[in-house]
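**Q**
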Amino acid sequence: MDAQFAIAGRDFVISVTDKGVMSSILKMKKNQDKTCQLSSHTFMSVSGEPGDTSNFSEYIQGNVKLYSVRNSQDLSPSETANFIRGELADALRSRSPSHVNLLVAGYDKGAGEAALYWIDYLSAMAKVPFASHGYCGYFLYAVMDREYTPDITLDGAKALVKKCFEVLKTRFVIDFADYTIKVVDRDGTRELRQDEL
Amino acid sequence: MARRYDSRTTIFSPEGRLYQVEYAMEAISHAGTVIGVLSKDGIVLAAERQATSNLLEQSLDNEKIYEMNDNVVAGVAGHAADANTLINQSRAIAQRYLLKYDSPMPVEQLVRRLCDMKQGYTQYGGLRPFGVSFLCAGWDSTFGFQLYQSDPAGNYSSWKAACIGENYSNAQSILKQEYKDEEKEEAGPNVRTVGSQMTMDDALKLTCQVLSKTIDTAKLSSKKLEFATITLKAGKPFIHVYTSTEIDEVLKKYESVIKPADSQ
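Protein chains in written order, with the UniProt record's numbering: chain A, 1 to 197; chain B, 1 to 264.
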């Protein structure tokens, strides 16, 4: 029941996740950051089974960090995404699978372009221009499909995110209190407030 | 009593040396020469196959130069059988990396993994060290062309031009003299630049020149030589292992630098 989506331009990715934590009919929390910083220019948003999300993302975060310490060089977004997919696929076929849905966003400094990867809990992966997980996709893919152009600017993407919020507010049965909005581009990762859109 | 410190590979002598490792390195300095020369736009590797019997069936495969990965080619000096297992392991490591990250393994990482394997045998008991040195020529997107040399102890180092095997010290002094280095390259503290003024042609020429002076033979020929280059083709590393006709062509092209050595 999370809201999780992201839009990639040529040289940036903007990612949105809701901050709510629900258990059955109960609201547990409304300020949970569901993103996980992997390196200066790569992060991922995580949804799924509550315990699995933090366990899996901490495991990935640790191993991506380990790679950069060992090799004094960061993994690129595509390498990171492939690594995550592999780990998730191995876990899936073990006694302890993780039920997590991921959006990996990053800026590849070498190639000079942004990348967004969609990975679901069955570890299917795709490099996509925009993506969403869960119920909110039913509403948001329509909006993003219509409004998205490959040469979208950051301002354009911000406006599109606003439209997505409007649709969720109007049509979705859940009212999301607050969102984590993150942008990654050549300068690294930064968080935006909702009023900065 | 000198044998006291010889029988085990992993025991230091009173002078703090590991004799078995030193013997392994000594063995390599009698093996066929391998030369690597870095240039602006690629690397040349050349190797000498040591004299064998006329009765021996000429092998079609290379026995001194191997592709380790799409972006790394290596020349070996020392025990061929030892080299084979290490080459196999390195290829597997490189492929596992490709499977995990879907991108080619950076050259230094592969060399480091290879050297970790070698180092293990200088520390864990009972087995002798690998009697092989490698010259690994490779390319990756972060550091460009790189040439690494490794020894049985598990040390590795990066070179602009290097030589292992028989007569390596002679070859190295010629390389040092003849290698055209960038005079002054203003580079940032963390920038590793190639800094070479050599072109691929220069590198090939220098390689032939050094070969002719280090190999103890009347005339260089493709029978006893192996050549390989790694260059960039459409932004991707391209490894070319020379056929014997191509080697003869190279030798013919640089005849002028080879001949003076013969007349010496």
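Idealized CB from N, CA, C, for every residue including glycine.
Which same chain residues, not among the five before or five after A:M28, have their C-beta less than 6 Å away from its C-beta?
**A** The residues are V21.
**Q** What residue range is occupied by the uninterrupted alpha helix (DSSP H) comprising B:E48?
**A** Per DSSP, B:E48 belongs to no alpha helix (DSSP H); it is in the beta strand (DSSP E), 42-48.
**Q** For A:R10 and A:A114, which I take to be in contact (beta-carbon distance under 8 Å), what is that distance rounded to the nearest angstrom?
**A** About 7 Å; that satisfies the 8 Å criterion.
**Q** Give the secondary structure of B:V194 by DSSP, where H, G and I count as helix, E and B as strand, and everything else as coil.
**A** Because the pLDDT of B:V194 is 49, which lies under 50, any placement of that residue in the model is unreliable, and the number read from its coordinates should be weighed accordingly. Of the three classes helix, strand and coil, the one that applies to B:V194 here is coil, per DSSP.
**Q** Tell me the rounded alpha-carbon separation between B:L56 and B:K224.
**A** For B:L56 and B:K224, the distance between alpha carbons rounds to 13 Å.
**Q** Could you tell me whether the Cβ of A:Q73 comes closer than 8 Å to any Cβ of chain B?
**A** Interface residue, yes.
**Q** Using a Cβ-Cβ cut-off of 8 Å, state whether A:F83 counts as contacting chain B.
**A** Chain B contact via Cβ: present.
**Q** A:K109 lies in the alpha helix (DSSP H); which residues open and close that run?
**A** No alpha helix (DSSP H) contains A:K109, which DSSP labels as neither H nor E.
**Q** Put A:Y148 into one of helix, strand or coil per three-state DSSP.
**A** Looking at A:Y148 - three-state DSSP - the assignment turns out to be coil, as it is neither helix nor strand.
**Q** Against A:G110, what residues of chain B qualify as contacts under a CB-to-CB distance less than 9 Å, listed in chain order?
**A** Residues of chain B passing the Cβ test: S141, T142.
**Q** Going by the DSSP bridge assignment, what does B:L69 pair with across the sheet?
**A** Per the sequence shown, the amino acid found at residue 69 of chain B is Asn instead of Leu. DSSP, once it has assigned bridges, lists B:V72 as partnering B:N69.
**Q** What is the rounded straight-line gap between the Cα of B:V107 and the Cα of A:D52?
**A** Cα to Cα, B:V107 sits roughly 35 Å from A:D52.
**Q** Report yes or no: is there a C-beta of chain A within less than 8 Å of the C-beta of B:Y148?
**A** Chain A contact via Cβ: absent.
**Q** Take A:T149 as the anchor and find which of A:K162, A:L140, A:P129, A:A142 has the nearest alpha-carbon.
**A** It is A:P129 whose Cα lies nearest to the Cα of A:T149.
**Q** Note down, in chain order, every chain B residue with its Cβ under 8 Å from the Cβ of A:G86.
**A** Within 8 Å Cβ-Cβ: L99, K100.
**Q** Tell me B:L38's beta-bridge partners as DSSP assigns them.
**A** For B:L38, which the question treats as bridged, DSSP gives the partners B:I43.
**Q** So A:S78 contacts chain B; which residues on that side make the cut at Cβ distance below 9 Å?
**A** Ordered by position in chain B, the residues that pass the 9 Å Cβ test against A:S78 are Y101, D102, S103.
**Q** Cα separation between B:V194 and B:F145?
**A** Because the pLDDT at B:V194 is just 49, under 50, the model does not fix this residue reliably, and the point stays unresolved.
**Q** I want to know whether the segment 54-71 of chain A touches the segment 87-100 of chain A - three or more CB-CB distances under 8 Å.
**A** Touching, yes, given that three or more Cβ pairs across the two stretches are closer than 8 Å.
**Q** By the criterion of Cβ-Cβ separation under 7 Å, what are the contact partners of B:Q109 in chain A?
**A** Neighbours of B:Q109 on chain A, chain order: N71.
**Q** Rounded to the nearest angstrom, how far is the Cβ of B:V37 from that of B:T207, given a contact under 8 Å?
**A** Right, their Cβ atoms sit about 5 Å apart.
**Q** For B:I116, count the other beta carbons within 10 Å of its own beta carbon; 16 or more makes it buried, fewer makes it exposed. Which is it?
**A** According to the sequence displayed, residue 116 of chain B carries Asp and not Ile. Classification of B:D116: exposed, given that the 10 Å Cβ count is below 16.
**Q** With DSSP run on the structure shown, which of helix, strand or coil describes A:D2?
**A** Correct three-state label for A:D2: coil.
**Q** I need the straight-line Cα distance from B:T245 to A:I14, nearest angstrom please.
**A** For B:T245 and A:I14, the distance between alpha carbons rounds to 57 Å.
**Q** Can you tell me which of the three DSSP states A:V128 falls into?
**A** Reduced to three states, the DSSP call for A:V128 is coil.
**Q** Do you know whose CA, among B:V21, B:E22, B:H30, lies nearest B:S169's CA?
**A** The shortest C-alpha separation from B:S169 is found at B:H30.
**Q** What whole-angstrom Cβ distance do B:V257 and B:L204 have, given they're in contact under 8 Å?
**A** B:V257 to B:L204, Cβ: 10 Å. No contact.
**Q** Measuring CB atoms only, is the segment 224-243 of chain B touching the segment 148-166 of chain B, in the sense that at least three cross pairs come out at less than 8 Å?
**A** With the cut-off at 8 Å, the segment 224-243 of chain B and the segment 148-166 of chain B do not touch.
**Q** Based on Cα-Cα distance, which residue from B:E178, B:A137, B:Q109 lies nearest to B:W159?
**A** The candidate whose alpha carbon is nearest that of B:W159 is B:A137.
**Q** So what does A:T42 bridge to, in DSSP terms?
**A** Per DSSP, A:S39, A:G106.
**Q** Which term fits B:L86, buried or exposed, when burial requires 16 or more other beta carbons within 10 angstroms of its beta carbon?
**A** Classification for B:L86: buried.
**Q** Per DSSP, which one or two residues make a beta bridge with B:Q146?
**A** In DSSP, B:Q146 forms a bridge with B:G138.
**Q** Taking the alpha-carbon positions, what's the B:S263 to B:T231 distance?
**A** The pLDDT assigned to B:S263 is 49, lower than 50, so where the model puts this residue is not dependable, and the model offers no usable value.
**Q** Starting from B:G131, follow the alpha helix (DSSP H) in both directions and report where the run begins and ends.
**A** Unbroken run through B:G131: none, as it is neither H nor E.
**Q** According to DSSP, A:S123 sits in a beta bridge with which residue or residues?
**A** For A:S123, which the question treats as bridged, DSSP gives no partner whatsoever.
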